[in-house]
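Here the structure is laid out as structure tokens; the discussion comes afterwards.
Residue numbers (our numbering): 1 to 57.
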């Protein structure tokens with residue numbers, strides 16, 4: 001499972017209604033790469049949803 005995502009500089013104040021997250025490439029067999037990308041994406045979405053200031057995005 002991927003570790004926590006480290007955000008760059010996120011804007012302060014009002015945010016847009018859309019988020020773009022680049023899923024990094026992974027090496028290895030396709031099933032492992034898909035599992036890794038899915039796990040990382042889920043972790044980022046969960047982290048985003050846990051932040052109160054992002055409730056309206």
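Cβ atoms here follow ideal geometry from the backbone N, Cα and C, with glycine treated the same way.
Please look up how many angstroms separate the CB atoms of residue i and residue j, rounded, as I've assumed it's under 8 angstroms.
i, j, result
"residue 21", "residue 41", "7 angstroms"
Determine, using beta carbons only, whether residue i and residue j come nearer to each other than 7 angstroms.
i, j, result
"residue 26", "residue 33", "yes"
In the structure shown, what three-state DSSP assignment does residue i receive?
i, result
"residue 38", "helix"
"residue 32", "helix"
"residue 21", "coil"
"residue 43", "helix"
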